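2 protein chains.
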Amino acid sequence: MNGKISKSLSVENAKELLNSVDAFLFDCDGVIWKGEKLIDGVPETLDLLRSHGKKLVFVTNNSTKSRKQYAKKFHSLGIPVNEDEIFSSSFAAAMYLNVNDFPREKKVYVIGEEGILEELEQAGFTALGGPADGKKNIELKSDSLFEHDKNVGAVIVGLDQYINFYKLQYGTLCIRENPGCLFIATNRDAVGHLTDLQEWPGAGCMVAAICGTTQKEPITVGKPSTFLMDFLLQKYNITTSRMCMVGDRLDTDILFGQNAGCRTLLVFSGVTNESNYEDLSKEVKPEYYTNSIADMLKYI
Amino acid sequence: MNGKISKSLSVENAKELLNSVDAFLFDCDGVIWKGEKLIDGVPETLDLLRSHGKKLVFVTNNSTKSRKQYAKKFHSLGIPVNEDEIFSSSFAAAMYLNVNDFPREKKVYVIGEEGILEELEQAGFTALGGPADGKKNIELKSDSLFEHDKNVGAVIVGLDQYINFYKLQYGTLCIRENPGCLFIATNRDAVGHLTDLQEWPGAGCMVAAICGTTQKEPITVGKPSTFLMDFLLQKYNITTSRMCMVGDRLDTDILFGQNAGCRTLLVFSGVTNESNYEDLSKEVKPEYYTNSIADMLKYI
Numbered sequence: 151m152n153g154k155i156s157k158s159l160s161v162e163n164a165k166e167l168l169n170s171v172d173a174f175l176f177d178c179d180g181v182i183w184k185g186e187k188l189i190d191g192v193p194e195t196l197d198l199l200r201s202h203g204k205k206l207v208f209v210t211n212n213s214t215k216s217r218k219q220y221a222k223k224f225h226s227l228g229i230p231v232n233e234d235e236i237f238s239s240s241f242a243a244a245m246y247l248n249v250n251d252f253p254r255e256k257k258v259y260v261i262g263e264e265g266i267l268e269e270l271e272q273a274g275f276t277a278l279g280g281p282a283d284g285k286k287n288i289e290l291k292s293d294s295l296f297e298h299d300k301n302v303g304a305v306i307v308g309l310d311q312y313i314n315f316y317k318l319q320y321g322t323l324c325i326r327e328n329p330g331c332l333f334i335a336t337n338r339d340a341v342g343h344l345t346d347l348q349e350w351p352g353a354g355c356m357v358a359a360i361c362g363t364t365q366k367e368p369i370t371v372g373k374p375s376t377f378l379m380d381f382l383l384q385k386y387n388i389t390t391s392r393m394c395m396v397g398d399r400l401d402t403d404i405l406f407g408q409n410a411g412c413r414t415l416l417v418f419s420g421v422t423n424e425s426n427y428e429d430l431s432k433e434v435k436p437e438y439y440t441n442s443i444a445d446m447l448k449y450i
Numbered sequence: 151m152n153g154k155i156s157k158s159l160s161v162e163n164a165k166e167l168l169n170s171v172d173a174f175l176f177d178c179d180g181v182i183w184k185g186e187k188l189i190d191g192v193p194e195t196l197d198l199l200r201s202h203g204k205k206l207v208f209v210t211n212n213s214t215k216s217r218k219q220y221a222k223k224f225h226s227l228g229i230p231v232n233e234d235e236i237f238s239s240s241f242a243a244a245m246y247l248n249v250n251d252f253p254r255e256k257k258v259y260v261i262g263e264e265g266i267l268e269e270l271e272q273a274g275f276t277a278l279g280g281p282a283d284g285k286k287n288i289e290l291k292s293d294s295l296f297e298h299d300k301n302v303g304a305v306i307v308g309l310d311q312y313i314n315f316y317k318l319q320y321g322t323l324c325i326r327e328n329p330g331c332l333f334i335a336t337n338r339d340a341v342g343h344l345t346d347l348q349e350w351p352g353a354g355c356m357v358a359a360i361c362g363t364t365q366k367e368p369i370t371v372g373k374p375s376t377f378l379m380d381f382l383l384q385k386y387n388i389t390t391s392r393m394c395m396v397g398d399r400l401d402t403d404i405l406f407g408q409n410a411g412c413r414t415l416l417v418f419s420g421v422t423n424e425s426n427y428e429d430l431s432k433e434v435k436p437e438y439y440t441n442s443i444a445d446m447l448k449y450i
């Protein structure tokens with residue numbers, strides 16, 4: 151939809167969109183919730199779409215949780231969502247190793263949180279790092295060598311609230327010194343709504359730090375990369391032109407939707423708002439924009 | 151010297167270099183020492199150059215120490231060096247604020263170590279952050295707001311062994327939310343010899359992390375920026391073509407020397423070695439290269 155003029159969602163085009171789409175793909179942070187707070191009108195909107203026979207899929211770049219943990223979060227917020235309707239970047243990272251036949255005898259070093267570890271474990275991989283390395287300190291001493299596991303064949307970097315010098319050195323050594331070691335980014339979001347009141351550094355922060363030390367670029371498996379779309383298409387027999395990607399970020403959600411050939415709807419309930427939209431939308435333009443997905447309730 | 155063929159230092163060209171140069175500018179990590187260990191033959195080489203009437207200047211991107219702390223380190227290693235012969239990136243950061251009339255009533259947030267704080271204090275600026283924030287944890291809670299000082303007018307980012315999520319969020323908020331807030335990088339070295347046995351993440355790691363969250367590029371005051379050269383030229387009445395920059399890094403030291411119009415000598419005693427030299431020297435080529443500055447002893 152690049153180059154075309156974006157339109158505000160309205161009674162007319164919302165109905166056209168509903169009729170021409172079989173599946174809605176939702177980002178979560180800033181669309182469904184902000185931190186632990188549900189955005190107003192979301193449960194009713196999702197119910198309405200389901201009642202119209204639409205498939206709902208949740209595609210999140212936030213790697214701190216596994217699909218199982220996300221399903222729990224949805225349930226605790228009163229929204230019934232199945233694990234297999236959730237596609238998180240933590241899952242994407244494990245699936246990337248899977249489809250690329252990453253050897254089971256090799257290990258994976260994780261700069262990130264529990265979600266990545268859980269997905270790796272579930273996929274049968276051996277993971278190191280993650281929260282366990284969050285409290286490790288380094289004492290720089292002459293003659294003492296920082297050792298790393300030569301059997302690490304991939305470093306996965308995601309959002310990590312417990313980022314420290316130990317993890318940065320460990321990940322860097324694996325990528326620089328282990329021959330063929332993969333460098334995988336769950337995503338590169340600059341910031342995200344970890345709490346409802348403000349934004350916090352996103353995975354893009356930790357990934358950039360490792361790019362800075364290794365002078366290498368990662369393979370990105372989350373949005374806007376279309377890696378996850380292959381899984382979606384395998385699972386649901388729907389053509390991408392009959393999917394609508396709904397998100398709050400132009401550079402991940404809307405770009406992801408466009409890269410895959412989906413319809414796109416930007417919502418102002420997260421990172422992008424009416425006041426920064428003009429500035430941010432110079433390169434990527436959504437087909438439609440509106441305040442919140444709850445507007446669909448009003449229009450349909 | 152780009153485009154020209156680099157030459158190995160020899161008896162003939164070492165003498166020519168000595169005769170046509172009035173000042174030698176030395177990088178420290180990987181040239182004078184590795185971590186806390188002096189590189190063999192360094193004191194004798196420096197003595198020889200001084201005995202030939204050469205001015206010696208030490209230009210280091212390592213911001214963890216102030217000039218005063220570096221002078222102490224030189225003395226403890228048995229090399230008499232005065233504070234005013236040392237130009238560190240910690241000093242450069244403070245001087246950048248000074249020459250740009252940074253208001254004294256504003257504050258400076260530091261992601262970095264003691265050296266930056268000391269230089270800021272000596273220059274009369276008020277600094278926040280640094281080591282004091284190294285043990286601060288964040289508990290992400292709904293409804294709790296992470297507050298930052300709206301009076302911070304500059305964020306300085308350097309090498310920080312105690313990097314954490316707190317500092318990343320603090321620095322990001324200042325740059326994103328305080329109008330006109332400067333983002334200053336002491337330097338962008340990817341890695342450095344913090345210990346003699348191996349390399350560690352450099353300031354380039356922490357700077358990239360903040361670029362990742364803010365989506366902004368910093369002002370870099372260390373090498374290869376020529377900002378420090380202005381101070382050198384003010385202090386010493388020498389034309390840059392009669393200076394020789396000696397360093398172990400092509401992308402900082404040698405580029406700095408070339409940007410300023412100096413002669414250049416690359417040494418293989420640090421980050422660059424004979425085996426990675428071919429790969430690394432595609433874009434930046436030194437005029438001369440040799441194993442260590444101690445080779446000058448042999449040739450002169």
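Residue numbers (my numbering), protein chains in the order written: chain E, 151 to 450; chain V, 151 to 450.
Built from N, CA and C at the ideal position, the CB exists for glycine as well.
Just so it is clear, the structure is predicted and the values come from calculations on it, not from any experiment.
Taking Cβ-Cβ distances shorter than 7 Å, what residues in chain E pair up with residue i?
{"i": "V:Cys355", "result": "Leu318, Ala359, Gly362 and Thr363"}
{"i": "V:Gly185", "result": "Ser292"}
{"i": "V:Phe296", "result": "Gln348"}
Assign residue i to one of two classes, buried (16 or more other C-beta atoms within 10 Å of its C-beta) or exposed (fewer than that).
{"i": "V:Gly280", "result": "buried"}
{"i": "V:Ala282", "result": "exposed"}
{"i": "E:Lys165", "result": "exposed"}
{"i": "V:His225", "result": "exposed"}
{"i": "E:Val396", "result": "buried"}
{"i": "E:Asp251", "result": "exposed"}
{"i": "V:Asn152", "result": "Below a pLDDT of 50, predicted positions are generally treated as unreliable, and V:Asn152, at 47, falls in that range; the measurement from the model is reported next regardless. It is exposed - the Cβ of V:Asn152 has fewer than 16 other Cβ atoms within 10 Å."}
{"i": "V:Val161", "result": "exposed"}
{"i": "V:Gly308", "result": "buried"}
{"i": "V:Asp403", "result": "buried"}
{"i": "E:Ile189", "result": "buried"}
Report the option in the options whose CA atom is closest to the CA atom of residue i.
{"i": "V:Tyr320", "options": "E:Gly330, E:Ile325, E:Gln348 and E:Leu175", "result": "E:Gln348"}
{"i": "V:Phe333", "options": "V:Leu247, V:Asn387 and V:Val207", "result": "V:Leu247"}
{"i": "V:Thr414", "options": "V:Asp398, V:Phe237, V:Ser425 and V:Glu424", "result": "V:Asp398"}
{"i": "V:Asp299", "options": "V:Ile288, V:Pro329, V:Ile313 and V:Lys291", "result": "V:Pro329"}
{"i": "E:Val171", "options": "E:Ile229, E:Glu186, E:Leu199 and E:Met393", "result": "E:Met393"}
{"i": "V:Ala429", "options": "V:Phe241, V:Asp401 and V:Tyr316", "result": "Reading the sequence as shown, one finds Asp at residue 429 of chain V and not Ala. For the residues V:Phe241, V:Asp401 and V:Tyr316, the minimum Cα distance to V:Asp429 belongs to V:Asp401."}
{"i": "E:Asp310", "options": "V:Asn301, V:Arg326 and V:Ile288", "result": "V:Ile288"}
{"i": "E:Trp350", "options": "V:Lys435, V:Asp380, V:Arg326 and V:Gly411", "result": "V:Arg326"}
{"i": "E:Lys154", "options": "E:Glu433, E:Leu447 and E:Met446", "result": "E:Glu433"}
{"i": "V:Ile266", "options": "V:Lys256, V:Val181 and V:Ala277", "result": "V:Ala277"}
{"i": "V:Glu271", "options": "V:Ala243, V:Asp339 and V:Ser294", "result": "V:Ala243"}
{"i": "V:Glu437", "options": "V:Glu424, V:Gly407 and V:Met245", "result": "V:Gly407"}
Who are the neighbours of residue i on chain V, taking C-beta pairs under 7 Å?
{"i": "E:Thr414", "result": "What E:Thr414 touches in chain V: nothing, since even the nearest Cβ is about 21 Å away."}
{"i": "E:Ile182", "result": "What E:Ile182 touches in chain V: nothing, since even the nearest Cβ is about 15 Å away."}
Would you call the CB atoms of residue i and residue j closer than 7 Å?
{"i": "E:Gly284", "j": "E:Tyr312", "result": "yes"}
{"i": "V:Lys218", "j": "V:Ala173", "result": "no"}
{"i": "V:Ala353", "j": "V:Asn337", "result": "yes"}
{"i": "V:Tyr259", "j": "V:Cys324", "result": "yes"}
{"i": "E:Glu297", "j": "E:Ser216", "result": "no"}
{"i": "V:Asn409", "j": "V:Thr376", "result": "yes"}
{"i": "V:Ser239", "j": "V:Ser213", "result": "yes"}
{"i": "V:Pro374", "j": "V:Leu416", "result": "no"}
{"i": "E:Glu120", "j": "E:Val192", "result": "The displayed coordinates of chain E run from 151 to 450. Any statement about residue 120 of chain E would go beyond what the structure contains."}
{"i": "E:Asn211", "j": "E:Gly372", "result": "yes"}
{"i": "V:Thr195", "j": "V:Ile443", "result": "yes"}
{"i": "E:Cys412", "j": "E:Thr390", "result": "yes"}
{"i": "E:Ser419", "j": "E:Gly185", "result": "no"}
{"i": "E:Met356", "j": "E:Ile229", "result": "no"}
Run down chain E in chain order and give the residues with a C-beta less than 9 Å from the C-beta of residue i.
{"i": "V:Asn212", "result": "Neighbours of V:Asn212 on chain E: none; closest Cβ ~12 Å, over 9 Å."}
{"i": "V:Phe224", "result": "Neighbours of V:Phe224 on chain E: none; closest Cβ ~17 Å, over 9 Å."}
Return no unless some Cβ of chain B is closer than 7 Å to the Cβ of residue i.
{"i": "V:Pro351", "result": "Reference to chain B is not applicable here, since the protein chains of this structure are E and V."}
Who are the neighbours of residue i on chain E, taking C-beta pairs under 8 Å?
{"i": "V:Leu227", "result": "Correct list: empty, because the minimum Cβ distance to chain E is about 12 Å."}
{"i": "V:Ile236", "result": "Simply none; closest approach about 21 Å."}
{"i": "V:Ile288", "result": "Gln311"}
Listing by chain order, which chain V residues have their CB less than 9 Å from the CB of residue i?
{"i": "E:Thr345", "result": "Leu290, Lys291, Ser292, Asp293, Ser294, Leu295 and Phe296"}
Next on the checklist: Can you pull out the residues from the region 319-343 of chain E whose beta carbon lies closer than 7 Å to at least one beta carbon of chain V?
Outcome noted: Gln319, Thr322, Ala340 and Val341
Next on the checklist: For the region 303-314 of chain V, list every residue whose C-beta sits within 9 Å of some C-beta in chain E, in sequence order.
Outcome noted: Asp310, Gln311, Tyr312, Ile313 and Asn314
Next on the checklist: Along the region 415-448 of chain V, where does the CB come closer than 7 Å to a CB of chain E? Name the residues.
Outcome noted: none
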